[in-house]
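J.:
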Amino acid sequence: MLLHGARKLDADGILDDFWMVFAGDTIAATGTGSAWQALAPSIPAEERVDARGGWVTPGFVDVHGHGGGGASFDDGPDAMRIALDAHRAHGTTRSVLSLVSNSLPDLVASLRHVAELTERDPLVLGSHLEGPFLSPLHRGAHDPDHLAHPDPASVEMLLEASRGTLRQITIAPELPGALDAIDRFVAAGVVVAVGHTDAGLELTRQAFDRGATVLTHAFNAMPGIHHRAPGPVVAAFDDPRVALELILDGVHVHPDVARLCFVAASQRVLLVSDAMAAAASHDGEYRLGSLDVTVVEGEAVLSGTQTLAGSTLTLDAALRTAIERANIDPVLAVRALTASPARALGLDERLGYLRTGYAADAVLLDAGWHATDVFADGERLA
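Mind the numbering: the sequence shown is residues 53 to 434 in my numbering, read in order.
(1) Report yes or no: do the region 57-66 and the region 383-396 share at least 3 C-beta pairs separated by less than 8 Å?
(2) Does the beta-carbon of Arg172 have 16 or more other beta-carbons within 10 angstroms, so that it is buried, or is it exposed?
(3) With a CB to CB cut of under 8 Å and the five nearest residues on each side skipped, what residues in its chain are close to Thr390?
(4) Could you tell me whether the Cβ atoms of Val243 and Gln258 are closer together than 9 Å?
(5) Just how far apart, CA to CA, sit Leu151 and Asp158?
(6) Near Asp335, what residues of its chain come up, given a Cβ to Cβ distance below 8 Å and the 5 sequence neighbours on each side ignored?
(7) Buried or exposed for Ser94, please, with buried defined as at least 16 other CB atoms from any protein chain shown within 10 angstroms of its CB.
(8) For Gly106 versus Asp418, is the C-beta distance shorter than 9 Å?
(9) Return the Cβ separation of Ala213 and Ser206 in integer angstroms, given the expectation that the two are a contact with Cβ distance under 8 Å.
(10) Per DSSP, which one or two residues make a beta bridge with Val67?
(11) My understanding is that Asp195 touches Ser162, with C-beta atoms under 8 Å, so please give their C-beta distance in whole angstroms.
(12) Name the residue from Ser155, Ala270, Ala411 whose alpha carbon lies nearest to the alpha carbon of Ala316.
(13) Phe271 by DSSP, collapsed to three states: which one?
(14) Determine the DSSP secondary structure at Trp437, reduced to helix, strand or coil.
(15) Tell me whether Pro184 is buried or exposed, calling it buried when 16 or more other Cβ atoms sit within 10 Å of its Cβ.
(16) How far does the beta strand (DSSP E) with Thr109 in it reach, from first residue to last?
(17) If you check the beta carbons only, do Arg133 and Leu175 fall under 9 Å apart?
(18) Check whether the region 414-428 and the region 121-128 touch, using three or more Cβ-Cβ pairs below 8 Å as the test.
(19) Going by alpha carbons, who is nearest to Leu54 out of Pro225, Glu98, Arg146, Gly409?
(20) Mind reading off the beta-carbon distance from Val467 to Glu297? Whole number of angstroms is fine, and I expect it under 8 Å.
(21) Residues bridged to Gln358 by DSSP?
(22) What does DSSP give as the partner residue(s) for Thr390 in the beta ladder?
(23) Let me know the secondary structure DSSP gives Ser333 once reduced to three states.
(24) Could you tell me whether the Cβ atoms of Ala103 and Gly119 are closer together than 9 Å?
(25) If you follow the alpha helix (DSSP H) that Gln258 is part of, which residue opens it and which one closes it?
(26) On the three-state DSSP scale, how would you describe Ile277?
(27) Please look up how many angstroms separate the CB atoms of Pro393 and Leu322, rounded, as I've assumed it's under 8 Å.
(28) For Thr82, is the classification buried or exposed, using 16 other Cβ atoms within 10 angstroms of its Cβ as the cut-off for buried?
(29) Can you give me the C-alpha to C-alpha distance between Thr145 and Asp413, rounded to a whole angstrom?
(30) For Ala224 and His248, which I take to be in contact (beta-carbon distance under 8 Å), what is that distance rounded to the nearest angstrom?
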């Protein structure tokens, strides 16, 4: 497949009149100008994409999302497929499937479903356990009845169920046994994130020194920045090993605060959807794990409360908010959707750039930053 004529935008910068050729699941050649015309006769007309007037970026990598299109990743294989399709239409080509706190048997079943899907679909990068090892003081939209301490038996049960596909886990480091659990998950190759926590600066730093490398949805479900108690966000700002998730829907974090995050850690921000089932769907009544959620004008809250319950965000919408409302440089904004999440997962030698030898994942966007065409592994998704 040949794409030509777009403005290329990735972490390497902006190039006008860009072209690239996909060979199978890999970018085989790239360039600018008219050199693509010499290649065109060898490529069928239906495999040539004229992208003039638009942008082309790498495929978006979402390391934290719970569902979309009316379906939740907690609800089994069919629901997982519906939700993935909804986000792929908006530019997300690689996904980590996030699961909310639930009973251990239910989490084991969900991890097994994700493991089976990961084996069949290379665009699924594995699972993210956002719970059950969270602080009850900052539980957000997690059922308090399903929160637990990370005892060794539970840790081993979850690792075994995932069959090596547990990609990320969020842990509150103040829980009994949490630091030892971080050691175990890191040793198993799992990315550990600090989140839903009451930890302060020093304890968060201890968690990072034990191997945690992500802050789950920075500013949300944790102490804020106080001039005498800097908290976990400042600990993450100060540590070059640590990436910071950001839900940039204009609701979870004010755009001005998001800009502060990019100033402090410009190449370590991960724009995530944290999307629940109503993303790319409609307002109404939903479930998130075992809890009821009401969505009004795109804002999801636990029914009968003002507690945010994930977002209805797609990643092309996050890009629009970053550029148009938070005034983030487009190169940094796209990095936060592509190269930075790939790096946080240890996959940046294959994903996140429009370079020869990288995965043939690309998103075409119009002048308003809406995804219009999506490719993954060289195949058109939407």
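Glycine residues also receive a C-beta, built at the ideal position from the N, C-alpha and C atoms.
T.: In short:
(1) Output reads yes: the region 383-396 touches the region 57-66.
(2) exposed
(3) Asp62, Ala63, Thr109, Pro110, Gly111, Phe112, Val113, Leu403, Gly404, Tyr405
(4) no
(5) 10 Å
(6) Val347, Val348, Glu349, Gly350
(7) Flag for Ser94 reads exposed.
(8) yes
(9) Going by Cβ atoms, the distance from Ala213 to Ser206 rounds to 11 Å, so no, they are not a contact pair.
(10) Reading off the sequence shown, one finds Leu at residue 67, where the question assumed Val. Paired residue(s): Lys60.
(11) With 8 Å as the limit, Asp195 and Ser162 do not qualify as a contact, their Cβ atoms being about 14 Å apart.
(12) Among Ser155, Ala270, Ala411, the Cα nearest to that of Ala316 belongs to Ala270.
(13) coil
(14) In the structure as shown, the chain starts at 53 and stops at 434, and residue 437 therefore has no counterpart that could be examined.
(15) buried
(16) 107-110
(17) No, the pair does not count as a contact, with Cβ atoms beyond the cut-off.
(18) no
(19) Closest in alpha carbon position to Leu54, among Pro225, Glu98, Arg146, Gly409, is Glu98.
(20) The requested residue 467 is not part of the displayed model; the chain covers only 53 to 434.
(21) Looking at the DSSP assignment, Gln358 forms no beta bridge with any residue, so it has no partner.
(22) The partner list for Thr390 (beta bridge, DSSP) is empty, contrary to what the question assumes.
(23) DSSP places Ser333 in coil when its eight states are reduced to three.
(24) no
(25) 253-261
(26) Residue state, collapsed to three classes: coil.
(27) The C-beta separation of Pro393 from Leu322 comes to about 5 Å, placing the pair in contact by the 8 Å criterion.
(28) buried
(29) 7 Å
(30) 6 Å
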